[in-house]
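Here the sequence shown is numbered in full-length UniProt numbering, starting from 1 and rising by one per residue. Even glycine gets a Cβ: it sits at the ideal position worked out from N, Cα and C. This one's a predicted model, so the numbers in the text were calculated from it and none came from an experiment. Here the structure is laid out as structure tokens; the discussion comes afterwards.
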Amino acid sequence: MAESAKPTPQLELFNSMTKKKELFEPLVEGKVRMYVCGVTPYDFSHIGHARAYVAFDVLYRYLKFLGYEVEYVRNFTDIDDKIIKRANEAGETVTSLSSRFINEFLLDMAQLQCLPPTCEPRVTDHIEHIIELITKIMENGKAYAMEGDVYFSVDTFPEYLSLSGRKLDHNLAGSRVAVDTRKRNPADFALWKAAKEGEPFWDSPWGRGRPGWHIECSAMSAHYLGHVFDIHGGGKDLIFPHHENELAQSRAAYPESEVKCWMHNGFVNKDDQKMSKSDKNFFTIRDIIDLYHPMALRFFLMRTHYRGDVNHSDKALEIASDRVYYIYQTLYDCEEVLSQYRGENISVPVPVEEQDMVNKHHSEFLESMADDLRTTDKLQQKLEQQKKKQQQQKQQKQKQQQAQKQPEEYIQAMFALETEIKNKISILGLMPPSSLAEALKQLKDKALKRAGLTEELLQEQIEQRTAARKNKQFDVSDQIRKQLGSKGIALMDEPTGTVWRPCEPEGLSSLAN
């Protein structure tokens with residue numbers, strides 16, 4: 001008798017406030033309220049953004065898998081110094097530019113199969129709520145106005161820097177703003193900025209102006225999720241100043257304000273330096289998916305635990321692409337083998353050995369995910385086992401007549417393994433939106449593009465190699481194979497002829513782990 005699957009382990013998440021993993025228990029049973037800081041849409045998004053939103057998409061999907069009703073809010077900061085500057089340079093309005101890049105961002109998220117959040121508010125639609133929150137902070141004596149600007153007074157909030165753990169004398173004003181000598185404390189930060197000539201503005205009790213960066217998320221998270229909610233997330237660069245200031249603002253206005261779990265993802269680095277637009281050392285999502293399948297990028301980002309830093313390299317992307325191709329090819333082969341049996345009423349149970357394997361994989365997957373979303377390569381190990389079974393079946397099939405079918409128990413085992421792997425890939429957001437056949441074709445097309453080849457040129461080289469082998473010019477045939485291998489094209493000689501598939505360019509295999 002097969003062992004039954006273990007119960008689902010309770011989810012533990014690392015809380016940046018307490019600096020430790022904690023059992024996740026939502027405030028309201030069966031419901032999760034989650035806020036993730038969104039982009040400032042003034043340009044195409046880079047893969048650092050993809051890192052954050054893939055990480056929280058995995059969390060979103062897993063919470064839904066666990067049966068929670070999730071209210072997921074991710075905002076757009078559609079008014080900002082950078083947007084204003086870029087709009088002026090482009091000769092268009094702030095609204096036009098930000099809306100255009102919001103749409104581009106949403107296209108990128110769809111390519112990466114990030115599920116749409118429940119709500120995606122824009123700052124400019126919430127000016128009224130922002131003004132109300134600033135007014136409350138001022139009424140509580142935690143902010144002051146000067147010449148149309150309003151600043152938060154950090155000296156009035158003893159809990160300041162409790163999230164980041166910084167010392168006030170080590171504090172910096174923040175990367176988005178210049179130090180204002182009028183401030184009572186250099187660490188005080190803007191809640192409201194007086195209007196400058198030629199900039200968008202809104203009327204307020206302090207005169208015309210626009211909101212500061214940090215106040216926006218405090219106002220929108222409270223509006224959609226309340227003053228106390230379950231999860232607040234973003235990149236670890238947001239711990240200070242953005243989330244530190246958010247926490248201060250929210251509690252200064254409403255002392256009961258609380259986030260149960262602060263979560264932060266690691267960076268994407270280029271040559272061990274954080275990738276960012278301001279440093280001009282970034283690759284956009286579009287840059288990457290022009291050459292690699294979007295699921296290869298998603299897999300690349302997920303291979304490192306969400307709290308760790310990912311080091312970008314072409315080699316790492318090649319390896320990720322190869323892994324995704326392997327997964328899809330294995331599942332496609334499985335579909336092909338099982339296609340003739342679908343719809344048949346096979347009454348025998350799944351064999352004990354295979355059912356134990358499925359149950360073990362299911363339990364290990366849940367244990368990994370429950371441990372602070374530890375996405376690993378265990379899935380590939382299971383696929384390799386499945387691949388061996390398919391190869392065994394193909395060998396058996398060649399020995400039998402076409403009309404004959406495989407033993408029913410073996411077919412049931414294959415169905416069980418296929419279902420298990422597809423379910424887990426779906427939870428991770430890695431199942432292709434198209435058919436597996438179409439996804440494999442797309443992966444091959446990207447590989448040809450990276451190799452600087454077309455299908456026609458590749459077939460010419462395959463034919464040249466075939467002719468060389470026929471003429472016993474094995475040095476020539478080996479050279480063609482090696483040259484293609486160095487470009488990420490693997491040739492495989494089969495009874496029906498030579499076929500090809502994408503691969504890690506030769507010399508990269510040592511970096512796979």
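- The beta carbons of Asn-265 and Gly-235 sit closer together than 7 angstroms.
- Looking only at Lys-260, Leu-112, His-129, Ala-416, the smallest Cα-Cα distance to Trp-202 is reached by His-129.
- Here Thr-496 has no same chain residue with a Cβ atom under 6 angstroms from its own Cβ, once five neighbours each way along the sequence are excluded.
- A straight line joining the alpha-carbon of Ser-257 with that of Leu-238 spans about 19 angstroms.
- 7 angstroms or more divides the Cβ of Leu-191 from the Cβ of Gly-209.
- Within the DSSP secondary-structure output, Phe-152 pairs in a beta bridge with Ala-143, Phe-189.
- Going by C-alpha positions, Asp-372 is about 12 angstroms away from Phe-365.
- With contacts defined by Cβ atoms closer than 7 angstroms, Val-73 and Cys-119 form a contacting pair.
- The C-alpha of Met-302 lies about 17 angstroms from the C-alpha of Asp-108.
- Approximately 6 angstroms separates the beta-carbon atoms of Tyr-332 and Leu-440; this is inside 8 angstroms, confirming the contact.
- Assigned with DSSP and collapsed to three states, His-243 falls in helix.
- Considered as a whole, the segment 245-314 harbours 258-265, 268-270, 310-312 as its complete beta strand (DSSP E) runs of no fewer than 3 residues, in chain order.
- As DSSP reads the structure, Thr-498 sits in a beta bridge with Asp-493.
- In the DSSP secondary-structure assignment, Asp-371 is bridged to Glu-12.
- Around the beta-carbon of Lys-31, fewer than 16 other beta-carbon atoms lie within 10 Å, marking it exposed.
- One thing to note: Glu-408 has its Cβ within 7 angstroms of the Cβ of Val-348.
- Listed in chain order, the non-local C-beta contacts of Met-146 below 7 angstroms within the same chain comprise Arg-182, local neighbours out to five positions each way being set aside.
- The Cβ neighbour count for Asp-478, taken over all protein chains shown within 10 Å, is under 16; the residue is labelled exposed.
- Here Cys-261 is near Asn-15, since their CB atoms are less than 7 angstroms apart.
- Contact check for Ser-99 against Ile-83 fails: the beta carbons are separated by 7 angstroms or more.
- Approximately 5 angstroms separates the beta-carbon atoms of Ser-218 and Ser-250; this is inside 8 angstroms, confirming the contact.
- A straight-line Cα-Cα distance of about 24 angstroms links Asp-180 and Val-123.
- In the three-state reduction of the DSSP assignment, Val-350 falls in the coil class, being assigned neither a helical nor a strand state.
- Taking C-beta atoms as the reference points, Arg-61 and Ile-421 fail to come closer than 7 angstroms.
- Residue state for Asp-230 is assigned as strand, using DSSP reduced to three classes.
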